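Inspection log for the structure reproduced underneath, given as structure tokens.
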Amino acid sequence: MGVRSRVKILKTRNPKLLGKIMLALLLLFIIILFLPWRQTIPGRGNVTALRPEDRPQTVQNQIGGRIEHWAVREGQQVNKGDTILIISETSQSYFDPELPVRLQEQLAAKEGSEDAAAQKMAATTAQMNALRKGLTIKLSAAENKVRQAENYVSIDSADLVAVQRFYEIAKSRLARYEAGYQNGLFSLTDIESRRLKLQEDNAKVISQQNKLNNSIQSLRNARIDLDNIRAEYEQSLAKAQSDMSSAVSSRVSAQGEISKLRNEISNTNIRRGLYVVRAPQSGFVVKTLKAGIGENIKEGESIATLQPEAPMVAAEIYVDAMDVPLILNNSDVRLQFEGWPSVQFSGWPSVAVGTFAGKVSVIDLVSSEGGKYRLLVKPAVPVPENDQPWPKQLRQGSGVYGRVILRSVPLWYEIWRLLNGFPPSLKAEPAVQVGAK
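The sequence shown begins at -14 in my numbering and counts up by one.
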């Protein structure tokens, strides 16, 4: 029985082969762990333009109006200044086809008002000059009369003093004669003659006093006339100045209305030039945002999307916030575009097929939606050896997948880092500030 069981037991061949295979695999695994592994930071995004003016833009009309004619179709290439759309006026203030002529007529009328005001100012100035000259002459004559009256007062005052002294002398003589008459030295006839002389001298005093009063009154009248002349001049001058102020106000008002009309004329001419919406730059009409003829559009409304011609293509990719401090300006990037077949190895970018070289151009200082940071990647210049330039057929908005290239590390270190959730490492601390370049 035992012999039979021994016969049926299978004989193993090469019992040490399995151990050798396992040992070889272990050695191979250890060797692989020490192979160099290129650390990368992955990111996804879209194709865009490096310069803002190269990105798709909307063409807007500056004034409201009614669509009359489309001069382009979707997908058509246009040059800067080519007509895209023609609109007509919808504002009642600009319906009149002869509006510029009407405004020119109003401007001519206002310019005539300004000329009339200027002529009135010149006439008023001449009137004021004439008033000043007339005042000089009248004041000179009135001042002469005042001086003449002052001289008369001085003369009459002196004459009054003289006749008063004569009267006092006559009065003293009469007293002496009356005393001599009492003593018999003079006759009654002499006394009566002296009394008569005294009466005559007294009449002269009264007459001279009246004459002096008349001279004083004449002096006062001359001074009043002088003051009246000055008052009349001031009144006439005030009226002339009032007329001058009115003329200046009329001229300034006319100048303001002239400026307003000129501004309105200029605005009308510019507005009529805006009935034609033109391409702001050369490119392709991607899509028209308004349709049909006769549709009203508002001021500043978008009417079409324009893709500029020959843009500077770039890729915008988004990376995690944890990886941003490790990325520098001009860091190397390998890009894979949608629509271009490629084979990409994360740890060995040098053996990747169908990828393209790029350089980090801009690193956003603030995060985008989702907490990721945007990188703008431009084509590498010059193109690396054994590489190809970016495809000319790239369209903005296409998907792109990129990897920012970092340092080489052993494979075992990369596995250990991923298992522990550590970020990639750097050879040295960044020497430049992260930001837009």
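Beta carbons: idealized from backbone N, C-alpha and C, even for Gly. In this text the structure is predicted, and so the values were computed from the model without any measurement.
In this structure, DSSP gives Gly268 an extended state, which the three-state scheme calls strand. Tyr358 has Val304 as its beta-bridge partners, per DSSP. As the crow flies, the alpha-carbon of Pro41 is around 17 Å from that of Asp67. In this structure Leu211 is not in contact with Ala147, their Cβ atoms being roughly 30 Å apart against a cut-off of 8 Å. In chain order, Gly339, Pro376 place their CB closer than 7 Å to the CB of Trp325, counting only its own chain and leaving out the 5 sequence neighbours on each side. A straight line joining the alpha-carbon of Ser203 with that of Asn136 spans about 11 Å. Annotated three-state conformation of Phe341 is strand, per DSSP. Approximately 10 Å separates the beta-carbon atoms of Ile288 and Lys272; this is outside 8 Å, ruling out the contact. In this structure, DSSP gives Arg247 a helical state, which the three-state scheme calls helix. Relative to Pro395, the option among Tyr79, Ser346, Pro409, Tyr386 whose CA is nearest is Pro409. By the criterion of a C-beta distance shorter than 6 Å, Ser98 is surrounded in its chain by Ala239, once the five residues flanking it on both sides are discounted. The beta carbons of Leu197 and Leu145 sit closer together than 7 Å. Inter-residue distance for Tyr218 and Ile201 is about 26 Å (C-alpha atoms, whole angstroms). Shown here, Ala299 sits in a strand according to DSSP, grouped into three states. Asp228 carries a helical assignment under DSSP once its states are collapsed to helix, strand and coil.
The three-state reading of DSSP puts Trp55 in strand, counting E and B together. For the options Ala102, Lys130, Asn405, Ser393, the alpha carbon positioned closest to that of Arg205 is the one of Lys130. For Ile17, the enclosing alpha helix (DSSP H) begins and ends at 2 to 18.
Residue environment for Pro293: buried (at least 16 other C-beta atoms within 10 angstroms of its C-beta). In terms of Cα proximity to Ile348, the closest of Leu360, Val318, Phe341, Ile26 is Leu360.
By the C-beta criterion, the region 298 to 312 is judged not to be in contact with the region 6 to 21, since fewer than 3 inter-stretch pairs fall below 8 Å.
The C-beta separation of Gly387 from Val362 comes to about 6 Å, placing the pair in contact by the 8 Å criterion. Scanning Gly4, Gln167, Pro21, Lys5 for the CA closest to the CA of Ile400 turns up Pro21. Between Ile390 and Thr25, the C-beta spacing is below 7 Å. For Trp401, the enclosing alpha helix (DSSP H) begins and ends at 396 to 405. DSSP places Phe151 in the helix class (H, G or I) of the three-state scheme. For Pro326, no beta strand (DSSP E) run applies, since DSSP gives it neither H nor E. By the C-beta density criterion, Phe341 is buried, having at least 16 other C-beta atoms within 10 angstroms. No residue range can be given for Asn314, since it is assigned to no beta strand (DSSP E) and is classified by DSSP as neither H nor E. The beta carbon of Arg36 lies closer than 8 Å to those of Pro296, Met297 in the same chain, with the five residues before and after it left out. Non-local C-beta neighbours of Ser267 in its own chain, meaning closer than 6 Å and more than five positions away in sequence, comprise Asn64, Lys65, Glu294, ordered along the chain. Counting C-beta pairs closer than 8 Å gives fewer than three between the region 231 to 248 and the region 151 to 162, which falls short of the contact rule. Phe269 has its alpha-carbon roughly 34 Å from the corresponding atom of Phe80.
The C-alpha of Asn315 lies about 14 Å from the C-alpha of Val368. By a beta-carbon distance limit of 8 Å, Pro265 contacts Val44. Their separation comes to about 7 Å. In the three-state DSSP reduction, Leu120 falls in the helix class (H, G or I).
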